[in-house]
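Numbering (full-length UniProt numbering), first residue to last: 1 to 154. Okay, structure first, notes after.
Here it is in structure tokens:
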């Protein structure tokens with residue numbers, strides 16, 4: 001796994017990009033997502049699908065719309081994600097109690113086992129990646145800083 005952008009046969013000066021927080025965050029995300037793809041390749045799941053499972057696992061019965069809002073996804077992307085998870089028998093839709101036009105989401109028994117396995121894999125690589133930080137205190141600081149940035153309104 002690479003910590004730096006791919007080297008080319010030419011020296012590249014990233015200039016102002018190296019000073020931009022957003023660029024650095026994107027590079028880190030790409031690194032994490034690439035590793036996610038490696039450890040979960042045989043499961044056929046993306047970080048986005050994993051996130052849907054994670055939200056539903058902790059909040060059974062949420063509507064598709066609520067899950068989409070929690071993850072910052074649009075409704076059409078959520079429908080496609082739920083369709084894929086449902087086709088793998090990991091998730092099921094049931095009519096929502098308060099609104100028959102909406103669907104509530106639940107993990108299937110197979111989905112629960114699948115999610116537990118995926119969490120173990122993702123936790124292992126996350127812990128490995130976190131070794132480049134100076135311990136749990138720096139990791140917690142980074143998580144807090146990222147939370148503030150994620151919730152910053154413009």
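Here a beta-carbon is modelled for each residue, glycine too, at the ideal position from N, C-alpha and C.
Rounded separation between residue i and residue j - CA only
i           : j           : result
residue 1   : residue 120 : Residue placement at residue 1 is poorly supported in this model, since its pLDDT is 43, which falls under 50; the coordinates are not used for a value here.
residue 136 : residue 95  : 42 Å
residue 47  : residue 152 : 23 Å
residue 63  : residue 123 : 27 Å
residue 110 : residue 141 : 36 Å
residue 23  : residue 73  : 21 Å
residue 10  : residue 145 : 35 Å
residue 128 : residue 35  : 11 Å
residue 67  : residue 16  : 36 Å
residue 3   : residue 27  : Note on residue 3: pLDDT 48, under 50, position unreliable in the model; no value is reported.
residue 125 : residue 131 : 10 Å
residue 12  : residue 84  : 40 Å
Helix, strand or coil at residue i according to DSSP, with G and I counted as helix
i           : result
residue 105 : strand
residue 146 : helix
residue 152 : coil
residue 2   : Its pLDDT being 44, under 50, residue 2 is placed unreliably in this model, and the value from its coordinates should be taken loosely. Note: residue 2 maps to coil in three-state DSSP.
residue 140 : helix
residue 216 : There is no way to answer for residue 216, as the model of the chain reaches only from 1 to 154.
residue 13  : coil
residue 111 : helix
Sheet register partners of residue i (DSSP bridge)
i          : result
residue 47 : In DSSP, residue 47 forms no bridge with anything.
residue 63 : 104
residue 93 : 105
Nearest-angstrom beta carbon gap, residue j and residue i [assumed within contact, 8 Å]
i           : j           : result
residue 49  : residue 70  : In fact, because the Cβ distance is near 14 Å, the residues do not count as touching under 8 Å.
residue 107 : residue 90  : 7 Å
residue 118 : residue 43  : 6 Å
residue 86  : residue 75  : The pair is not a contact, with the Cβ atoms about 16 Å apart (cut-off 8 Å).
residue 53  : residue 115 : 5 Å
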